[in-house]
Amino acid sequence: MMKRCLAVILAVGAVSLPAPALAQKVVGPDIPCTCRFKGQDVPVGQTMCLDLPSGEVLATCDRVLNNTAWKTVQQGCPVPGLS
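Note that the sequence shown covers residues 4 to 86 in my numbering.
So this is what it looks like as structure tokens:
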């Protein structure tokens, strides 16, 4: 009986708490997300040519499941033409 009363009191107490008391949001500095390539930070959204052991790839820095990752746009990189 004592356990049942305690469970009811805890349940009622949890329901009556305001939402912020149940789940505290961690607030920190606004740190920009970046991808890394050859020791350099590359901001999310930037596209660049990556020179990989398997060959060159044109890739964009993007967010995937709360992490940054390179998404391949095409195999090979565009070569500027001579005018």
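Using N, Cα and C, we set each Cβ at its ideal position, and we do this for glycine too.
Burial state of residue i (16 or more Cβ within 10 Å)
i, result
"Ala72", "exposed"
"Val45", "buried"
"Asn69", "exposed"
Bridge partner(s) assigned by DSSP for residue i
i, result
"Gln43", "Phe40"
"Val60", "Leu53 and Gly79"
Closest by C-alpha distance to residue i, when choosing among the options
i, options, result
"Gly48", "Cys36, Asn69, Leu55 and Cys80", "Cys36"
"Gly42", "Leu53, Asp33 and Ile34", "Leu53"
Proximal residues to residue i (C-beta, below 6 angstroms), its chain only, five neighbours per side dropped
i, result
"Arg39", "none"
"Gly58", "none"
Contact set for residue i: own chain, Cβ-Cβ below 7 angstroms, skip 5 residues either direction
i, result
"Lys74", "Ala62, Thr63 and Asp65"
"Val76", "Thr50, Leu61, Ala62 and Thr63"
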